[in-house]
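Novice: Please see the structure below; I have some questions.
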Amino acid sequence: MEIKLCGVGGQGLGLAGRLLGEAAIAAGFHAAQTTAYGVESRGGLSTSDVLISEDDILFPEVRHPDVLLLMANKGLNSNLKGVQHQTLILFDPAVVSDPIDSPGNKKTYPFLDLALKEFNNNSAATIIGLGALVHLTKVVPFELIEEAIRQRIPAKAHQLNVDALNLGRKIAGG
Amino acid sequence: MKKFISGNEAVVEGALIAGCTFYAGYPITPSSEIASHLSVRLPQIGGKFIQMEDEIGSLAACIGASLCGHKVMTATSGPGLSLMLENVGMAIMAEVPCVIVDVQRGGPSTGLATKVGQGDMQQVRWGSHGGYPIIAMTPSTIEEVVKFTIEAFNLAEIYRVPVFVMTDKVIAQLREDVDLDSLQNYPITNRKIAGSSEEFLPYRAETVTDVPAMSPFGGPHLVRASSTTHDQHGRPTSDPEKIAFKNERLFRKIQDNSDSICQYQSDLMPEAEALVVSFGISARSSLQAVAEARAAGKKVNFLKLLTFWPFPDKAVQDAARGVKKVIVPELNWGQAAVEVERVLGSQIDVIRINKTNGLIIQPEEILEKL
Chain H
1 MEIKLCGVGG QGLGLAGRLL GEAAIAAGFH AAQTTAYGVE SRGGLSTSDV
51 LISEDDILFP EVRHPDVLLL MANKGLNSNL KGVQHQTLIL FDPAVVSDPI
101 DSPGNKKTYP FLDLALKEFN NNSAATIIGL GALVHLTKVV PFELIEEAIR
151 QRIPAKAHQL NVDALNLGRK IAGG
Chain Z
1 MKKFISGNEA VVEGALIAGC TFYAGYPITP SSEIASHLSV RLPQIGGKFI
51 QMEDEIGSLA ACIGASLCGH KVMTATSGPG LSLMLENVGM AIMAEVPCVI
101 VDVQRGGPST GLATKVGQGD MQQVRWGSHG GYPIIAMTPS TIEEVVKFTI
151 EAFNLAEIYR VPVFVMTDKV IAQLREDVDL DSLQNYPITN RKIAGSSEEF
201 LPYRAETVTD VPAMSPFGGP HLVRASSTTH DQHGRPTSDP EKIAFKNERL
251 FRKIQDNSDS ICQYQSDLMP EAEALVVSFG ISARSSLQAV AEARAAGKKV
301 NFLKLLTFWP FPDKAVQDAA RGVKKVIVPE LNWGQAAVEV ERVLGSQIDV
351 IRINKTNGLI IQPEEILEKL
């Protein structure tokens, strides 16, 4: 499965991709993650590509995304490259303009609004998005993402991230 | 258990498995995680970590620590490598084992701090003045980064030379699953140490391929390490015979052992019509392209260079036998291609795929030429 997480620096896309990869290898898959970002520490175009496979991964970048999580409008056109009819596209219409001309199975959620209302923390938006993504794709067992959060994120932020992840699952119908 | 580690973390794991106890460096994107991890890990095992004032001092500190008996490493990227070159020459001439990791980014000059390049491959070969052979490794998976960092330490110790581990921005931050436990017992080689009771000469060599035994500073022997052309005592010499012996030995200790130093993976098929030769992250693009070309019924050979220097001439000749064209994808203007052309002469068409826009080569760009 090819998953592309797109947004701007500071949104935690690299971390979200790493959590996916760690959950995938805990589930017995091979995983590869690459990141791309600019020289800015905040606000520059940032993407995180995650490939999860039963076989060895030859080329480690996403070419034909099965899932696209769009967290910002920046770089939208290049992020939509390779999108196919069946690609699941998750985005927040408050921050991302509808990729109306692009193929794909589009689903919209108020990630940022929920992050601010429920957690008073805009960085929680990406983890909410991750929760929705994992629930909809079943790419890895949900509890392995929770476990990856406990392993990877400092203890004081465990609960917030687990809560954000579960909120994502809930809004996606889980 | 498998871990999901990055290329920079893999360098750290490899160095620690190899027995590295000293790191001196100056932070530079995209290599800095190597320093930041070792600043935590080395003190935990009684090793030393120093952040130096610049890259010149970093390699100088490594040379000093190596002469005291440590296994040493520094890491940098293109702009820092340019500053290190003077001391690369020092390490060559004084015959000091050390490992230099070059996490390549887009150049020239400051270039692209956060984007990929493979433009330092000829610089590490020729960058310091005077002429010398060099060893450089080009891993392309995270597991290979661990293995070839260990190999780099082993070769540095065997031949008393600086050895380069050439990665790049994408490999440095690429995470893949690696079974680190299985690599803990990877074979380790240590430098030859002179016995404490024997008469010691710092550059004792019987033949032009000998590598002199070392004795650490502060140990039982008087030790000289010199960047001036020297005799076996380490004293400056202007005797043409001694000069010739030293210089020929520096050259031949690597050249005569090329076959055992060079590592590569060749995946050949009968009646292949094309060959793809690549290294590092571009080998990952190539591997995908070759797999898709074969799935479409094309007969394609693939050669992945794991040692870039000494250049594996024989492996290229073998892989190119019978093919009509050779494709060399790389993130520079043909630094591997010129070597492939040198090896194959004008007998086979060498097609270059060169990309320097900060992005890696897409498999489609290679498929187009196959």
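Protein chains in written order, with the numbering used here: chain H, 1 to 174; chain Z, 1 to 370. By construction, the Cβ of each residue, glycine as well, lies at the ideal position given by its N, Cα and C atoms.
1. Please check if any C-beta of chain Z sits within less than 9 Å of the C-beta of ARG18 of chain H.
2. Between the alpha carbons of ASN154 of chain Z and LEU67 of chain Z, how many angstroms are there, rounded?
3. For ALA152 of chain Z, which residues in the same chain have their Cβ closer than 7 Å to its Cβ, ignoring the five residues on either side in sequence?
4. Kindly say whether HIS30 of chain H, judged by its beta-carbon, lies nearer than 9 Å to any beta-carbon of chain Z.
5. Using 8 Å for Cβ pairs, my map puts ALA194 of chain Z next to SER226 of chain Z. What's the rounded Cβ distance?
6. Just checking: is the beta-carbon of ILE57 of chain H within a distance shorter than 9 Å of some beta-carbon in chain Z?
7. Using a Cβ-Cβ cutoff of less than 6 Å, which residues in the same chain neighbour ASP80 of chain H once the five nearest sequence positions on both sides are dropped?
8. Drop a sphere of 10 angstroms on the beta-carbon of ARG235 of chain Z, count the other beta-carbons inside from all chains shown, and report buried for 16 or more, exposed for fewer.
9. Mapping the DSSP letters down to three states, classify ILE52 of chain H as helix, strand or coil.
10. Please report whether the beta-carbon of ARG150 of chain H lies at a distance below 9 Å from any beta-carbon of chain Z.
11. In this structure, what does DSSP give as the bridge partners for GLN104 of chain Z?
12. Quick check on this structure: which residue in Z:ARG342, Z:GLU144, Z:PRO97 and Z:TYR132 has the alpha carbon closest to the alpha carbon of LEU306 of chain Z?
13. Between ILE145 of chain H and chain Z, is the shortest Cβ-Cβ distance under 9 Å, so that the two count as touching?
14. Applying a beta-carbon distance threshold of less than 9 Å, which residues of chain H neighbour PRO363 of chain Z?
15. Of all the beta strand (DSSP E) runs that stay within the bounds of the segment 19-65 of chain Z, which reach a length of 3 or more residues?
16. Quick one: list the residues of chain H neighbouring PHE251 of chain Z, beta-carbon separation under 7 Å, in chain order.
17. Counting only C-beta atoms, is VAL170 of chain Z closer than 9 Å to chain H at any point?
18. Please check if any C-beta of chain H sits within less than 9 Å of the C-beta of GLN104 of chain Z.
19. How many angstroms separate the CA atom of VAL96 of chain H from the CA atom of LYS355 of chain Z?
20. Counting C-beta neighbours from all protein chains within 10 Å, is the total for ASP259 of chain Z 16 or more, i.e. buried, or is it exposed?
21. When you compare each of Z:TYR132, Z:TYR23 and Z:LYS369 to LYS71 of chain Z by their alpha carbons, which one comes out closest?
22. Comparing the CB of ASN122 of chain H with every heavy atom of the ligand PLP, is any distance shorter than 8 Å?
23. May I ask which residues mark the beginning and end of the alpha helix (DSSP H) holding ARG18 of chain H?
24. Tell me the residue span of the alpha helix (DSSP H) that contains LEU116 of chain H.
25. Report the neighbours of VAL139 of chain H on chain Z: residues whose CB is nearer than 8 Å to its CB, in chain order.
26. As a quick exercise: from Z:VAL276, Z:LEU287, Z:ARG321 and Z:GLU271, pick the residue whose alpha carbon is nearest that of LYS299 of chain Z.
27. Measure the Cβ-Cβ separation of LEU45 of chain H and ILE3 of chain H and say whether it is below 9 Å.
28. Could you please tell me which residues of the segment 287-303 of chain Z, in chain order, have their CB closer than 7 Å to any CB of chain H?
29. List the endpoints of the continuous alpha helix (DSSP H) containing TYR132 of chain Z.
30. Which first and last residues belong to the beta strand (DSSP E) in which ILE3 of chain H is found?
31. Are TYR186 of chain Z and LYS246 of chain Z close, meaning C-beta to C-beta below 9 Å?
32. Once you ignore the five residues that flank MET269 of chain Z on each side, which residues in its own chain have a CB closer than 6 Å to its CB?
33. I want to see whether chain Z comes within less than 9 Å of VAL8 of chain H, judged by CB atoms only; does it?
34. Got a sec: is the Cβ-Cβ distance from LYS2 of chain Z to anything in chain H below 9 Å?
35. Please give me, in chain order, every unbroken run of the beta strand (DSSP E) with length at least 3 that falls completely inside the segment 230-271 of chain Z.
36. Just to confirm my understanding: we take ASN257 of chain Z, look at its own chain, exclude 5 residues before and 5 after, and list those with CB closer than 8 Å. What are they?
Specialist: Reading from the atomic positions:
1. yes
2. 16 Å
3. VAL99, MET137, VAL163 and VAL165
4. For HIS30 of chain H, the answer is yes, since a Cβ of chain Z falls inside 9 Å of its Cβ.
5. In this structure ALA194 of chain Z does not touch SER226 of chain Z by the C-beta definition: roughly 17 Å separates them, more than the 8 Å allowed.
6. yes
7. A small fix is needed here, since residue 80 of chain H is Leu in this sequence, not Asp. So the qualifying residues of the chain are PRO99 and SER102.
8. Classification for ARG235 of chain Z: exposed.
9. strand
10. no
11. Paired residue(s): Z:ASP168.
12. Z:GLU144
13. no
14. LEU58, PHE59 and ARG63
15. 22-25 and 48-51
16. Simply none; closest approach about 38 Å.
17. yes
18. no
19. 31 Å
20. If you draw a 10 Å sphere on the C-beta of ASP259 of chain Z, you find fewer than 16 other C-beta atoms in it, and that means exposed.
21. Z:TYR23
22. Questions concerning the ligand PLP fall outside what the structure shown contains, since it holds no ligand whatsoever.
23. 13-26
24. DSSP places LEU116 of chain H in the uninterrupted alpha helix (DSSP H) bounded by 111-119.
25. Those do not exist, as VAL139 of chain H stays about 15 Å from chain Z at its closest Cβ, beyond 8 Å.
26. For the residues Z:VAL276, Z:LEU287, Z:ARG321 and Z:GLU271, the minimum Cα distance to LYS299 of chain Z belongs to Z:GLU271.
27. With respect to ILE3 of chain H, LEU45 of chain H sits apart: the two C-beta atoms are not nearer than 9 Å.
28. Cβ contacts with chain H: LEU287, GLN288 and ALA291.
29. Per DSSP, TYR132 of chain Z belongs to no alpha helix (DSSP H) and is neither H nor E.
30. 2-8
31. No, the Cβ-Cβ distance between TYR186 of chain Z and LYS246 of chain Z is not below 9 Å.
32. The answer, listed in chain order, is LYS299.
33. no
34. Taking 9 Å as the threshold, the shortest C-beta distance from LYS2 of chain Z to chain H falls below it.
35. Scanning the segment 230-271 of chain Z for uninterrupted beta strand (DSSP E) segments of 3 residues or longer gives 264-267, listed from N- to C-terminal end.
36. TYR159 and THR209
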